[in-house]
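Just so we're aligned, residue 73 is where the sequence shown starts under our numbering, counting upward by one.
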Amino acid sequence: MFKLDTSNTFSYPVKFTVIDARGKHQQHVIPFEFRRLSVDERNERQQRDGTALFNDLLLQHDGDFEAAKTAFFLENLRQGKTSLTAEQQADHLLEIVEGWREVADESGPLDFSRAHLIRLLNAVHGLYAAINAAFNEALDGPVGQAARKN
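In structure tokens form, the structure reads like this:
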């Protein structure tokens, strides 16, 4: 029996890689707490942030993520869109992110806040994309992933 989950949030892992002081790749996972968006809210957000365009390009390139990423970058350049600052990235993410677990610095655990999110985005290049990708992956699930590959 299917039981509808009507909670306002859900937890999902965000996976990313950083380079440590010795030049080695270190994989990490941060459990993020995401907001549940209605279909209309998600569609509006995807149109605004380019996710819909990226998904279309992924389909056009037969699921080749790197080719789609290159085409997406070139399309954004063609349209004169510039990179987002860490502050803009944080504001955009605050539309979908409610919190996190297991984030710390040298002083101990970091509470979730806009300032700490900005600090994390500045420290971990590519994290903005990883958070957005995890959110979309969580909502699309295996069905959405399979559709993008076909």
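All C-beta atoms in this analysis are idealised placements derived from N, C-alpha and C, irrespective of residue type, glycine included. Since we're looking at a predicted model, the values are computed, not measured.
With DSSP collapsed to three states, give me the class of residue i.
i	result
residue 86	strand
residue 176	strand
residue 168	coil
residue 106	strand
From residue i to residue j, what does the alpha carbon distance come to, in whole angstroms?
i	j	result
residue 114	residue 94	40 Å
residue 83	residue 191	21 Å
residue 80	residue 143	35 Å
residue 117	residue 212	15 Å
residue 136	residue 106	27 Å
residue 225	residue 182	Lying outside 73 to 222, the shown extent of the chain, residue 225 is not represented and no answer is given.
Excluding sequence positions up to five away, which residues of its chain have a Cβ less than 7 Å from the Cβ of residue i?
i	result
residue 119	none
Give me, in chain order, the residues of the same chain whose beta-carbon lies closer than 6 Å to that of residue i; leave out the 5 immediate sequence neighbours on both sides.
i	result
residue 161	193 and 200
For residue i, which residues in the same chain have their Cβ closer than 8 Å to its Cβ, ignoring the five residues on either side in sequence?
i	result
residue 85	101, 102, 103, 104 and 206
Tell me, to the nearest whole angstrom, how far the beta carbon of residue i is from that of residue j; I am working on the premise that it is less than 8 Å.
i	j	result
residue 129	residue 140	4 Å
residue 109	residue 168	7 Å
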